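Comments concern the structure below.
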Amino acid sequence: MKARTLVRGVLGIAAALALSAPAEAQLFRAYLAIGGSDANPCTLPQPCRLLPAALAAVADGGEIWMLDSANYNTSTVQITKSVTILAVPGVVGSVVAAYGPAINVATAGVRLALRNLVMVPLAGTGGVRGISMNLGQSLAVEDCLIANMPNLGIEVAGPVSVRISGTTIRDNASMGVYLHGGARATITRSTISGHGGFGVYLHGDVASTTTTADIADVTLDGNHIGVGAVVGDATAVAGFTLRDSRLYRNGHGAVAQSSEGTASWWASNNVVSYNEYGLALYFAGAKGWASANAVSGNSWGLYNGGGLLESAGDNGVRGNATDATGTITAVATM
47 MKARTLVRGV LGIAAALALS APAEAQLFRA YLAIGGSDAN PCTLPQPCRL LPAALAAVAD
107 GGEIWMLDSA NYNTSTVQIT KSVTILAVPG VVGSVVAAYG PAINVATAGV RLALRNLVMV
167 PLAGTGGVRG ISMNLGQSLA VEDCLIANMP NLGIEVAGPV SVRISGTTIR DNASMGVYLH
227 GGARATITRS TISGHGGFGV YLHGDVASTT TTADIADVTL DGNHIGVGAV VGDATAVAGF
287 TLRDSRLYRN GHGAVAQSSE GTASWWASNN VVSYNEYGLA LYFAGAKGWA SANAVSGNSW
347 GLYNGGGLLE SAGDNGVRGN ATDATGTITA VATM
């Protein structure tokens, strides 16, 4: 009896100490290295090896630094807190798509920034896409490479703010960037090429939502469709601005299509060449405004298949097999 009482007393003291001890503080900056261990605390002297360990150690709003050129995951990385994940300069930080997307965000309010990362599929594991974000507040992709995915590069659904800059998205099977459900994107200084579907796809698929993109200084090359806005709901809106960019060797350079809601593009100061269709509209819900574009070497330069295509009159539309098809409305600039 005395022994049992003594054991209970020891356990009680241990429990009290555990309850009174402060919770271990999470790190603002966690570190990963090729020689690290997930048993480590993810500090600079004792880095971890894989992203899940670093995500557990880092505080909400913190940073994860990859110190060596290596791969840092073995399955989909689930992001449930706001974080910046980056590889230090001169390092190739790889996050592979294995058994799903490389990175998945499905938590409200998350702000995710990715910098200097490479996302490719791991052969034989069923990896399908680079980044999937179905809930969250914002996504920033800076100076990254996303390539060769069996499905697509980046998908964002819902009212999320997206910023893509200095990034190459290439040779993914269906699409480079898929925005829908009210996503809002800015894409700058990037190359999006070699997709069997859209380079950038804005889809008005949810009632009463507006999906938009501002695209500037971007090369859209070798896609079935360089950039397109398509609306499938009467109350949805999808549209993009396209400026100072290059549309080259696509099936369609830029297109808007809608028979019910509003799909639109505004194109200015772009070079549009060697596409099947340069700048195009389809059906009555589609609108386009073109100003100061060089449109040449395409099979069809400006193509209006039933929408409202307005021109400022300062486009250089020359040397296409057919320069203009359908009604092109000249509107003077103010």
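Heads up: take any position in the sequence shown, counting from 1, add 46, and you land on this note's numbering. Positions of the beta carbon are idealized from the N, C-alpha and C atoms, including for glycine. Just so it is clear, the structure is predicted and the values come from calculations on it, not from any experiment.
Looking only at its own chain, which residues have a Cβ that is under 7 Å from the Cβ of residue i, when we skip the five neighbours before and after it?
i, result
"Thr255", "Gly227, Gly228, Ala282"
"Ala219", "Met195, Pro196, Asn197, Gly242"
"Asp217", "Ala193, Asn194, Gly240"
Which same chain residues, not among the five before or five after residue i, have their C-beta less than 6 Å away from its C-beta?
i, result
"Met221", "Leu198, His241, Gly243, Phe244, Tyr247"
"Thr368", "Trp346"
"Ala231", "Val208, Leu225, Ala259"
"Ala154", "Leu181"
"Ala144", "Ser121, Leu168, Thr171, Gly173"
"Ser314", "Arg289, Ser337, Ala338"
"Gly359", "Ala376"
"Thr237", "Thr214, Thr265"
"Arg235", "Ser211, Gly212, Asp263"
"Thr371", "Trp346, Tyr349"
Answer with buried or exposed for residue i, where buried requires no fewer than 16 other C-beta atoms within 10 angstroms of its C-beta.
i, result
"Gly272", "buried"
"Phe286", "buried"
"Gln303", "buried"
"Ser140", "buried"
"Gly172", "exposed"
"Ser239", "buried"
"Ala326", "buried"
"Ser115", "exposed"
"Thr373", "exposed"
"Ala203", "buried"
"Ser128", "buried"
"Gly82", "buried"
"Thr308", "buried"
"Ala378", "exposed"
"Arg364", "exposed"
"Ala99", "buried"
"Ala253", "exposed"
What does DSSP give as the partner residues of residue i in its beta bridges?
i, result
"His298", "Ile271, Tyr323"
"Gln124", "Asn150"
"Glu188", "Arg161, Ser211"
"Cys94", "Leu78"
"Asn218", "In the DSSP output, where bridge partners are listed per residue, Asn218 has none listed."
"Leu168", "Answer is none; Leu168 lacks a bridge partner."
"Gln303", "Val276, Tyr328"
"Asn350", "Leu327"
"His249", "His226, Val276"
State the CB to CB distance for the pair residue i and residue j, rounded to an integer number of angstroms; the pair is presumed to be in contact (CB under 8 Å).
i, j, result
"Glu306", "Gly331", "6 Å"
"Thr213", "Val187", "5 Å"
"Trp311", "Gly334", "5 Å"
"Gly297", "Asn321", "7 Å"
"Gly107", "Arg75", "11 Å between Cβ atoms; not a contact."
"Ala103", "Pro87", "7 Å"
"Val156", "Thr130", "Incorrect: roughly 12 Å between the Cβ atoms, too far for contact."
"Met112", "Leu132", "7 Å"
Can you give me the Cβ contacts of residue i inside the same chain, cut-off strictly under 8 Å, excluding the 5 residues immediately before and after it?
i, result
"Asn366", "Gly324, Val341, Ser342, Gly343, Asn344, Ser345, Trp346, Gly347"
"Pro46", "The requested residue 46 does not occur in the structure, where the chain is confined to residues 47 to 380."
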